[in-house]
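Notes for the one structure printed next.
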Amino acid sequence: MTISDNLKKIKADIPQDVRLVCVSKFHPNETILEAYQCGERHFGESRAQELLQKQSSLPKDIYWHFIGPLQTNKVKHVVPIASLIHSVDSEKLLNAIEKEAAKLNMTSHVLLEVYIAQEEHKKGFKPEELILFFDEQRWKAYPHIQIDGLMCIASLTEDTELLKTEFTTMKTLFDAIRKRFDNDYFKELSMGMSNDFNLAILHGSTMVRIGSSIFGNRNYKQ
Ligand SMILES: *Cc1c(COP(=O)(O)O)cnc(C)c1O
Numbered sequence: 439m440t441i442s443d444n445l446k447k448i449k450a451d452i453p454q455d456v457r458l459v460c461v462s463k464f465h466p467n468e469t470i471l472e473a474y475q476c477g478e479r480h481f482g483e484s485r486a487q488e489l490l491q492k493q494s495s496l497p498k499d500i501y502w503h504f505i506g507p508l509q510t511n512k513v514k515h516v517v518p519i520a521s522l523i524h525s526v527d528s529e530k531l532l533n534a535i536e537k538e539a540a541k542l543n544m545t546s547h548v549l550l551e552v553y554i555a556q557e558e559h560k561k562g563f564k565p566e567e568l569i570l571f572f573d574e575q576r577w578k579a580y581p582h583i584q585i586d587g588l589m590c591i592a593s594l595t596e597d598t599e600l601l602k603t604e605f606t607t608m609k610t611l612f613d614a615i616r617k618r619f620d621n622d623y624f625k626e627l628s629m630g631m632s633n634d635f636n637l638a639i640l641h642g643s644t645m646v647r648i649g650s651s652i653f654g655n656r657n658y659k660q
C-alpha cells in the first residue's frame, strides 16, 4: 500500500467536517511530500526541533500542528510556526505561550489537553480542574491565546468499552465547558489516532491525528 492508497482508505471513513491531521513525526520530508502531493496540508509533529527543521524546508502553505509534550524552554520555537498547539497541559505552559505570543504580537491557537487515560500518559488537566478554570474565567489571563477546544490521548488498549467511556467523558466535558465558555471558536475536540479514530468520530471528535496508518511504522532511530 502506498501513502496515497492509505490516505484514500482512511479518508473514506472520515466525514467532511472532521479534520485529518497527518502525524508525520519521525518521517522524512520526502514522505511528507507524498501526502502533500495527495492534497494534505495539515501535519502533526511532536518535537520542537523536528518541527523547526521541517517547517523551514517544506512548502509554506502547510499548517503545522504541535501535538507532543512541550517544555517551556521550547515554546519560543513552537509558537511562531504552529497553527495549533494541541498539547497544552498546564497553566505554566499557558503562561509561557502567552508571554511569547505577546512578544510577537500574535494570537496563539491552542487546545487544552485532558488527562483521561487510565495509564501511561499522565499529562493534562483533570476534568474537574478544567471546569474550575472556566468557571473562574482564568482564560482571561491570556489575551494572546485563543483556546480552540480540547484534546486527549485515550488509553492504548483494544478494550472498546474503556475507549467509549473515555471518549464519552471527553464529549461531556467539552459540552460542559462550551456552556461556560460561550465562544464561536471553542469548537474543536481533538481525539482519535490510528487505532481508535472511528470510535472517536462516533463520539464527537472534530480532529483526528493519524500517523502509522498513513505513513507506516516510525523509525525512532534516526
Ligand atoms: C504519535 C501521535 C499520534 C499518531 O499516532 P498513530 O497511532 O501513529 O496514529 C497521535 N497523537 C499524538 C499526540 C501522538 O503523539
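When we follow the working numbering, the leftmost residue of the sequence shown carries the number 439, and every step to the right adds one. All residues carry an ideal CB built from backbone N, CA and C; glycine is no exception.
Span of the alpha helix (DSSP H), counted from its first residue to its last, around residue i
i: I652; result: S650 to F653
i: G441; result: Position check: residue 441 holds Ile in this sequence, whereas Gly was assumed. Per DSSP, I441 belongs to the alpha helix (DSSP H) from I441 to K449.
i: N636; result: F635 to L640
Distance, residue j Cα to residue i Cα
i: I497; j: E478; result: At residue 497 the sequence reads Pro, which differs from the Ile that was named. Cα-Cα distance, rounded: 12 angstroms.
i: D597; j: L522; result: 30 angstroms
i: I639; j: S651; result: 16 angstroms
i: A534; j: P581; result: 13 angstroms
i: K463; j: F571; result: 31 angstroms
i: V461; j: G482; result: 4 angstroms
i: A540; j: R576; result: 17 angstroms
i: G649; j: G587; result: 21 angstroms
i: L549; j: E566; result: 17 angstroms
i: K449; j: M631; result: 13 angstroms
i: R616; j: Q493; result: 33 angstroms
i: V517; j: S484; result: 13 angstroms
i: M394; j: T469; result: With the chain covering only 439 through 660, there is no way to say anything about residue 394.
i: F619; j: H480; result: 27 angstroms
i: L601; j: N543; result: 40 angstroms
i: N655; j: E574; result: 43 angstroms
i: D443; j: L471; result: 15 angstroms
i: C590; j: W502; result: 18 angstroms
i: S593; j: I554; result: 8 angstroms
i: D733; j: I583; result: Only positions 439 to 660 of the chain appear in this structure, which leaves residue 733 out of reach.
i: E551; j: I452; result: 22 angstroms
i: H465; j: Y658; result: 9 angstroms
i: Q556; j: L532; result: 25 angstroms
i: K530; j: T603; result: 29 angstroms
i: F563; j: T607; result: 13 angstroms
i: T595; j: H641; result: 17 angstroms
i: H547; j: T510; result: 16 angstroms
Sheet register partners of residue i (DSSP bridge)
i: E551; result: M589
i: H503; result: G482 and L522
i: I583; result: S546
i: M645; result: R457 and S628
The beta strand (DSSP E) enclosing residue i, as first and last residue numbers
i: E626; result: E626 to S628
i: F619; result: Unbroken run through F619: none, as it is neither H nor E.
Ligand 2 heavy atom lying under 7 angstroms from the CB of residue i
i: K602; result: No copy of ligand 2 occurs in the structure displayed; its ligands are ligand 1 alone.
Q.
To test your reading of the DSSP string, which unbroken alpha helix (DSSP H) runs of 4 or more residues are found completely within the segment 453-497?
A. 467-475 and 486-495
Q. Taking three-plus beta-carbon pairs below 8 angstroms as touching, is the segment 487-494 in contact with the segment 450-459?
A. no
Q: List in chain order: all unbroken beta strand (DSSP E) runs of 3+ residues lying wholly within the segment 514-571.
A: 520-526 and 546-552
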